[in-house]
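The structure appears below as structure tokens.
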Amino acid sequence: MLTSIVGINWGDEGKGRMVDLLSSDYDIICRYQGGNNAGHTVINDRGKFVLNLLPSGILRETTVNVMGNGMVIDLEHLAGEIKTLTDKGIKITPDNLKISDKAIVCMPYHKMQDIMEEERLADKKFGSTRRGIAPVYADKYMKKGIRMGDLLHMDTLSEKVKDIVDWKNITVTGYGHEPVKAEDMIDWLKKYGSFAAPFVTDVSEFLSDAVNEGKDIMFEAQLGALRDIDFGIYPYTSSSQTLASFAPIGAGIPGTKLDKIIGIMKAYSTCVGEGPFTAEMFGDEAEKLRASGGEYGAATGRPRRVGPFDVPASRYGIKVQGADFIALTKLDVLSYMDEIPVCIAYEIDGIKTFDFPTGDRLNRAKPVIEYFAGFGDVSGCRSFDELPDAAKKYIRFIEESTGCPIKYISVGAGRDEYIAID
Ligand code: GDP
Ligand code: MG
257 MLTSIVGINW GDEGKGRMVD LLSSDYDIIC RYQGGNNAGH TVINDRGKFV
307 LNLLPSGILR ETTVNVMGNG MVIDLEHLAG EIKTLTDKGI KITPDNLKIS
357 DKAIVCMPYH KMQDIMEEER LADKKFGSTR RGIAPVYADK YMKKGIRMGD
407 LLHMDTLSEK VKDIVDWKNI TVTGYGHEPV KAEDMIDWLK KYGSFAAPFV
457 TDVSEFLSDA VNEGKDIMFE AQLGALRDID FGIYPYTSSS QTLASFAPIG
507 AGIPGTKLDK IIGIMKAYST CVGEGPFTAE MFGDEAEKLR ASGGEYGAAT
557 GRPRRVGPFD VPASRYGIKV QGADFIALTK LDVLSYMDEI PVCIAYEIDG
607 IKTFDFPTGD RLNRAKPVIE YFAGFGDVSG CRSFDELPDA AKKYIRFIEE
657 STGCPIKYIS VGAGRDEYIA ID
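Numbering (the working numbering), first residue to last: 257 to 678.
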């Protein structure tokens, strides 16, 4: 079984915890896009873990984890993340972690460029996580990237780094910054590259063999549908493809078809960074929801923007992801509300629509809000029948309005705090 698990909304839907829950049946977990610009939080019997680069399967002893060619990897961050986990007793070896030789290294100058650009933009900034993601993807497509496989050939790499740094300095000095020194970059690559090198391999070969042997593979996405570079709220997107159909490509087996796509969707909305967020809540109302959901960025600590469940945005997310079914997360977070707002449609230029617009039309969209009855504490419920009627009504409405069946509902962050619906 080849399954992709993806975000339906703006990211932070709780993918990490769902992968942790649903990955027990899988032999291999692959990350296929992005870098350390987002965080997955997983709480299980071994503790609380924040993963930025490593696939969530790293927390399971029998799972092999793959970081695919679609990823961009900050070597220093990788070394730190591996050390934090190893210190907590997680075993990480070339047997359970395999990094594609085609993945791109995110260099210190990418981070620097990201910061310089955000500062240059000042009040027009995009809300970048300042981890160098946009610059490193841009360099990949400029064919000026350093691949993980290059780390295995340090002698020839030094020459290549000198050329790339010369080119990069045209940009760096353009920002009024001191030029980057090639020697510093080579030292950095040697230091952290030698740490990463044992994990670097041709993962395509490993994955093709696994497919032929009938192994179960799960592809784990970072961020959500609305952050996809092509189909998201461009330019307030990430720089990678966050959609399920990209999973086999970004993992390393482009000729392989997925069997199943699981969409992770939150019972309300959150959005990190800038860009249109039609049904955004403000003031006291927002503060209460943010506090109840613990909505502060896992990678950056930034307070997340919050809002009610958004039907047009979620319908669109489900469509572009091609989700077969949904895991609805964080239902318990709404427990404190007497009545629960839902954005059931948008109004654009006086016309009501259920479709998610792009471009300028999205900027003009206004939310149409309907209120549902509050349902109180659901954190102890472990079956659909146990849920209060008002909660059942809320879930059925979401299911009907988005047109996709809900098969799991999470009611807490712990591994067992969920409901499975047959
Ligand atoms: P991801 O990026 O999609 O993996 O999501 P994040 O980890 O950034 O954000 C999800 C947060 O919600 C994490 O802190 C989780 O521990 C927490 N979480 C996940 N599911 C639930 C749930 O059902 N209820 C509550 N209260 N918290 C949850
Ligand atoms: Mg996250």
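Note that beta-carbon positions come from the ideal geometry of N, C-alpha and C, so glycine has one too.
Taking P510 as the centre and dropping the five residues before and after it, the same chain places the C-beta of P504 closer than 6 Å to its C-beta, in chain order. Given a length threshold of 4 residues, each whole run of the alpha helix (DSSP H) inside the segment 490–526 is given here in chain order: 503–507. The continuous beta strand (DSSP E) containing L307 extends over residues 303–307. Ranked by how close their Cα comes to the Cα of D351, the residues D484, I314, A579, G508 have I314 in first place. A Cβ-Cβ distance of about 5 Å is found for the pair S548 and V589, placing them in contact under the 8 Å criterion. Taking each of D301, N300, G295 in turn and checking the Cα distance to P311, the smallest one comes out for G295. Rounded to whole angstroms, the Cβ separation of L499 and D484 is 5 Å, and the two are in contact under 8 Å.
Counting the other Cβ atoms within 10 Å of the Cβ of K339 gives fewer than 16, which makes it exposed.
Residues of the same chain with a CB within less than 7 Å of the CB of E536, apart from the 5 flanking positions on each side, are R561, G563 in chain order. Between S496 and Q289, the C-beta spacing is below 8 Å. At a cut-off of 7 Å, the beta-carbon of S525 does not count as near the ligand GDP: no heavy atom of the ligand is closer than that.
Annotated three-state conformation of Q577 is helix, per DSSP. When secondary structure is reduced to three states using DSSP, N321 falls in the strand class. With a threshold of 7 Å, the Cβ atom of I596 does not count as near the ligand GDP, since no heavy atom of the ligand is closer than that.
Secondary structure note for T429: its alpha helix (DSSP H) is the uninterrupted segment 410–430. When the Cα atoms are used, F565 and G303 turn out to be separated by approximately 30 Å. Taking one beta carbon from each stretch, the segment 341–359 and the segment 320–330 have 3 or more pairs nearer than 8 Å; the two touch.
Each residue's CA atom was taken as its position, placing G573 and I662 some 14 Å apart.
Of the candidates L377, F451, Y282, F451 places its Cα closest to the Cα of L331. Taken atom to atom, the span from the alpha-carbon of K513 to that of L258 is near 8 Å. Taken through DSSP and simplified to helix, strand or coil, M404 comes out as helix. Distance from the C-beta of G573 to the nearest heavy atom of the ligand MG is not below 7 Å.
Within the segment 348–400, the complete beta strand (DSSP E) segments of 3 residues or longer fall at 353–356, listed in chain order. Burial is judged here by how many other beta carbons sit within 10 angstroms of a residue's own beta carbon; P391 has at least 16 and is buried. Comparing alpha carbon positions, the residue from A676, E655, G659, R671 closest to I665 is A676. The beta carbon of G508 sits closer than 7 Å to the beta carbons of G324, N325, S356, V459, S460, L463 from its chain, once the five residues preceding and following it are set aside; these are given in chain order. In this structure, the alpha-carbon of D370 lies about 7 Å from that of R387. Counting C-beta pairs with one atom in each stretch, the segment 468–482 and the segment 423–443 have fewer than three that are closer than 8 Å, which means they do not touch.
Counting other Cβ atoms within 10 Å of its Cβ, A378 stays below 16 and is therefore classed as exposed. Per the coordinates, the alpha-carbon of K400 lies some 43 Å from the alpha-carbon of A542. The C-alpha of L545 is placed about 13 Å away from the C-alpha of E595. Across the structure, T658 and R287 are spaced so that their CA atoms are roughly 27 Å apart. Of the residues assessed, F455 falls on the buried side of the cut-off, its CB having 16 or more other CB atoms within 10 angstroms. The secondary-structure analysis by DSSP pairs V459 with nothing; it has no beta-bridge partner. Under the DSSP assignment, Y552 falls outside any beta strand (DSSP E); it carries neither an H nor an E label.
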